[in-house]
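Chemist:
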Amino acid sequence: MPLIQSQSLLFRALEEARPGAIWQKLFGEFWPSYRRWYLQGGEAARPYYLPCLRALRKHMPELLPTFDKLAELAGGGDLEARFLSLFCPPPYVTACSQLVWLGEQPLLVRNYDYPPQLCEGVILKTAWNGRQVIGLSDCVWGLLDGMNEDGLAVSLSFGGRLDVGEGFGVPLVLRYVLETCTRTEEASAALARVPVHMSYNVTVVDRGGDFATVYLAPGKSGEISRMAAATNHQQKVEWHQHARATSTVERLRQLMLMVEDTTLSSDALIASFLRPPIYSTAFARGLGTLYSAAYWPTEGRADFFWPGVTWSQSFADFELGERLIQFGNSPQPHHMTRATDLREETGQ
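Sequential numbering of the sequence shown, starting at 104, is according to the numbering used here.
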């Protein structure tokens, strides 16, 4: 799926205000792998097109014009449109840690822990509905985390339950929130309202410092809490094997200690996301930290960072390009497609 060999991952920063040739090229690159993932349980396991369209129209109608355009760019096929709806997709499980800090200024910091071969590694800047959004792409138009030009930042983590129900994959819900909301109160209400297919924790902060963590689960409305941090369980641990494998309890305890430490600086807090127990080196088990991100709502800036590497992006100064990130002592890949190549191939 992504541009990866062994334990390395190429992160790319791409910008396209309206859906066009760059997004179309990305879809063509990722679609073969996403198609295999989407059909892993057989085509009959996925909903038909009309239920997908009705669900989008009912719960996130503001996304319909973008959905229609993306489906057209994807070739206009039935299966592609069903996938892009992200309605009742196959289940997937991540780890991840996230925290809101209100020290010097509002800050959302997160670690994303996942198998590297399943991460797109695309930092995408868009203005699909007139509002600028920067975030890490997933399922080609959903988001793992991100921020909009109004200073609303969001991040997701797995909620620690295996139950699967009728609803949307949460990356699309994060996209919806950043496309339509400006404040934490609005975002929390939207997150609590839109049905999701699995359990997730979504942490939100806005430019004014208002924050929330919304506990999402299939079959019920989301629960809005004033928790400033989240890992991979909700009110209590329910999947004990996963909890032990990911150290979710230990990570949350460490995050809350940092939230309560009034002497902590933003630099020290960010550095802690590159150290255990928050930073994970379990790449062989698909639980390693692939990237860390720090979103600064008042500055409109997002810092993506790894041990020894920081890549700053902002709405005022968005840098196109790439960063090849090595995990452990892996060799450098012999072949890479550069972000500039992608733009040249699409005529941008």
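Glycine is no exception: its CB is placed at the ideal position from the N, C-alpha and C atoms.
Predicted model only: the values in this text are computed from it and were never measured.
Check the DSSP bridge columns for Val412 and list the partner residues they point to.
Modeler: Within the sequence shown, the letter at position 309 stands for residue 412. Looking at the DSSP assignment, Val412 forms a beta bridge with Trp409.
Chemist: Report the three-state DSSP secondary structure of Met250 (helix, strand or coil).
Modeler: By 1-based counting over the sequence shown, the position of residue 250 is 147. If DSSP states are grouped into helix, strand and coil, Met250 belongs with the strands.
Chemist: Which residue spans inside the stretch 134 to 180 form an unbroken alpha helix (DSSP H) run of at least 4?
Modeler: Counting only runs of 4 or more, we get 152 to 162, 167 to 176.
Chemist: Report the residue ranges of all alpha helix (DSSP H) runs contained in full by the stretch 329 to 366; include only those spanning at least 4 residues, in chain order.
Modeler: List check, alpha helix (DSSP H) in window: 343 to 349, 351 to 363.
Chemist: Going by other Cβ atoms of all chains shown within 10 Å of its Cβ, with 16 needed for buried, is Thr392 buried or exposed?
Modeler: On the sequence shown, residue 392 is found 289 positions in, with the first residue counted as 1. With 16 or more Cβ atoms within 10 Å of its Cβ, Thr392 is classed as buried.
Chemist: Near Glu447, which residues of its chain fall below 8 Å by C-beta distance, leaving aside the five closest residues on each side in sequence?
Modeler: As a first step, residue 447 must be located in the sequence shown, where it is residue number 344. Reliability fails at Glu447, whose pLDDT of 39 lies under 50, so the model's placement of it is uncertain and no value is given.
Chemist: Pairs of beta-carbons, one from the stretch 201 to 215 and one from the stretch 158 to 176, closer than 8 Å: are there three or more?
Modeler: Result no; under three Cβ-Cβ pairs closer than 8 Å.
Chemist: How would you call Glu146, buried or exposed, if buried means at least 16 neighbouring beta carbons within 10 angstroms?
Modeler: Taking the first residue of the sequence shown as 1, we reach residue 146 at position 43. So Glu146 ends up on the exposed side.
Chemist: From the DSSP output, in three-state form, read off Val297 for me.
Modeler: Along the sequence shown, one-based indexing puts residue 297 at 194. Val297 falls in the coil class under three-state DSSP.
Chemist: Could you tell me how far apart the beta carbons of Ile237 and Phe418 are, in whole angstroms, since I believe they sit closer than 8 Å?
Modeler: In the sequence shown, the residue the question calls residue 237 occupies position 134. In the sequence shown, the residue the question calls residue 418 occupies position 315. Right, their Cβ atoms sit about 7 Å apart.
Chemist: Helix, strand or coil for Leu281 per DSSP?
Modeler: Within the sequence shown, the letter at position 178 stands for residue 281. Helix, per DSSP.
Chemist: Determine the burial state of Val243: buried for a count of at least 16 other Cβ atoms within 10 Å of its Cβ, exposed for fewer.
Modeler: By one-based count along the sequence shown, residue 243 stands at place 140. Buried: at least 16 other Cβ atoms inside 10 Å.
Chemist: Restricting to Cα atoms, I'd like to know which of Glu252, Leu265, Asp309, Ala320 is closest to Val276.
Modeler: Here residue 276 corresponds to residue number 173 of the sequence shown, with the count starting at 1. Ranking Glu252, Leu265, Asp309, Ala320 by Cα distance to Val276 puts Ala320 first.
Chemist: Nearest-angstrom Cα distance between Ala405 and Ala396?
Modeler: Here residue 405 corresponds to residue number 302 of the sequence shown, with the count starting at 1. Here residue 396 corresponds to residue number 293 of the sequence shown, with the count starting at 1. The straight-line gap from Cα to Cα measures roughly 7 Å.
Chemist: Please report the distance separating the alpha-carbon of Ala293 from that of Val280.
Modeler: Taking the first residue of the sequence shown as 1, we reach residue 293 at position 190. Taking the first residue of the sequence shown as 1, we reach residue 280 at position 177. Spanning the two alpha carbons is a distance of roughly 7 Å.
Chemist: By the three-class DSSP mapping on this structure, what secondary structure does Ile381 have?
Modeler: Against the sequence shown, residue 381 aligns to sequence position 278. Here Ile381 sits in coil by DSSP.
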